[in-house]
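Enquirer: Using numbering that gives the first Met the number 0, the letters of the sequence shown map in sequence onto residues 0 to 180.
For each residue, glycine too, the CB sits at the ideal point set by N, CA and C.
In this text the structure is predicted, and so the values were computed from the model without any measurement.
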Amino acid sequence: MSTHGDQGRVARWVRRLAIPIAIFWLALAASTNALVPPLEEVGRIHNVAANAPDAPSLIASKRVGQVFGEYDTDSLVTLVLEGDQPLGDEAHRYGDALVAAMRADTTHVQHVQYFWGDPLTAAGAQSNDGKAALIQVYLAGDMGGSQANESVEAVRDIVADVPAPPGIKAYVSGPAALFAD
Numbered sequence: 000m001s002t003h004g005d006q007g008r009v010a011r012w013v014r015r016l017a018i019p020i021a022i023f024w025l026a027l028a029a030s031t032n033a034l035v036p037p038l039e040e041v042g043r044i045h046n047v048a049a050n051a052p053d054a055p056s057l058i059a060s061k062r063v064g065q066v067f068g069e070y071d072t073d074s075l076v077t078l079v080l081e082g083d084q085p086l087g088d089e090a091h092r093y094g095d096a097l098v099a100a101m102r103a104d105t106t107h108v109q110h111v112q113y114f115w116g117d118p119l120t121a122a123g124a125q126s127n128d129g130k131a132a133l134i135q136v137y138l139a140g141d142m143g144g145s146q147a148n149e150s151v152e153a154v155r156d157i158v159a160d161v162p163a164p165p166g167i168k169a170y171v172s173g174p175a176a177l178f179a180d
């Protein structure tokens with residue numbers, strides 16, 4: 000008993016229907032692309048917090064913010080101010096302007112730790128060579144969530160909108176910025 004006849008018949012039908020089969024698959028691919036949103040968009044819209052709400056370290060971190068009346072979030076970005084030369088008065092005025100703009104944005108920013116702006120604590124927020132300084136910013140929203148990602152973008156916009164003095168750059172870094180990226 001031979002199956003060559005059956006195989007030949009199937010091959011003939013596939014050959015005869017090759018164009019309709021190709022059109023079917025192209026139509027399926029086109030309609031899927033048109034009707035189903037891209038994975039990146041779904042991820043951005045339906046993202047979830049990065050940290051488990053019952054993690055002991057998260058509870059402790061939020062407790063610190065609550066005890067000091069500063070924040071109730073796990074979303075933290077660090078602004079890095081960096082200069083070609085040691086940072087001076089002009090860089091401090093730039094840092095002051097950034098901090099003022101961030102503190103004014105109460106929708107996205109819960110708290111700004113500006114140790115570099117206080118002469119008593121400035122050394123702890125500045126590099127040994129004096130060419131870099133840190134400003135910590137606690138954001139609205141749980142890290143990795145939509146609100147936190149929006150808050151990271153708002154801080155980036157602030158940094159872009161406040162003009163930097165010549166030779167000084169500001170970078171938005173830290174865990175919430177990494178998740179937003």
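With Ala169 and Leu78 assumed to form a contact (beta carbons below 8 Å), what rounded beta-carbon distance in angstroms separates them?
Expert: Locating residue 169 in the sequence shown gives position 170, counting from the first residue. Locating residue 78 in the sequence shown gives position 79, counting from the first residue. At roughly 6 Å, the Cβ-Cβ gap stays under 8 Å, so Ala169 and Leu78 are in contact.
Enquirer: Can you find at least 3 beta carbon pairs, one from the segment 81-92 and one from the segment 129-137, that sit closer than 8 Å?
Expert: yes
Enquirer: Using DSSP's beta-bridge definition, name the partner residues of Thr77.
Expert: Your numbering for residue 77 matches position 78 in the sequence shown. BP columns for Thr77 point to Gln135, Ser172.
Enquirer: Going straight from the alpha carbon of Gln112 to that of Leu25, what length do you get?
Expert: By 1-based counting over the sequence shown, the position of residue 112 is 113. By 1-based counting over the sequence shown, the position of residue 25 is 26. Their Cα atoms are separated by approximately 55 Å.
Enquirer: Buried or exposed: Asn32, going by 16 or more other Cβ atoms within 10 Å of its Cβ?
Expert: What you label residue 32 is simply residue 33 of the sequence shown in a count that begins at 1. By the 10 Å Cβ count, Asn32 comes out exposed.
Enquirer: Kindly identify the DSSP beta-bridge partner or partners of His91.
Expert: To locate residue 91, count along the sequence shown from 1; it is residue 92. Beta-bridge pairing links His91 to no other residue.
Enquirer: What is the DSSP secondary structure of Gly166, counted as helix, strand or coil?
Expert: Position 167 of the sequence shown, counted from the start, is the residue given in the question as residue 166. Here Gly166 sits in coil by DSSP.
Enquirer: Could you give the residue range of the alpha helix (DSSP H) that holds Gln146?
Expert: For the purposes of this step, residue 146 is taken as the residue at position 147 of the sequence shown. Segment 145-160, the alpha helix (DSSP H) holding Gln146.
Enquirer: With a threshold of 7 Å on Cβ separation, who are the neighbours of Ala17 within its own chain once the five nearest residues in sequence on each side are excluded?
Expert: The residue labelled residue 17 in the question sits at position 18 within the sequence shown. Cβ within range, chain order: n/a, list empty.
Enquirer: Here's a check: name, in chain order, each residue in its chain whose Cβ is nearer than 7 Å to the Cβ of Ala121, leaving out the five neighbours to either side.
Expert: For this step, residue 121 is matched to residue 122 along the sequence shown. The answer, listed in chain order, is Phe114, Trp115.
Enquirer: Would you mind stating whether Leu138 and Ala124 have Cβ atoms separated by less than 7 Å?
Expert: Counting from 1 along the sequence shown, the entry for residue 138 is found at position 139. Counting from 1 along the sequence shown, the entry for residue 124 is found at position 125. The answer is no: Cβ separation not under 7 Å.
Enquirer: Buried or exposed, going by whether 16 or more other CB atoms sit within 10 Å of the CB of Phe23?
Expert: Start at 1 with the first residue of the sequence shown, and residue 23 comes out as number 24. Phe23 comes out exposed.
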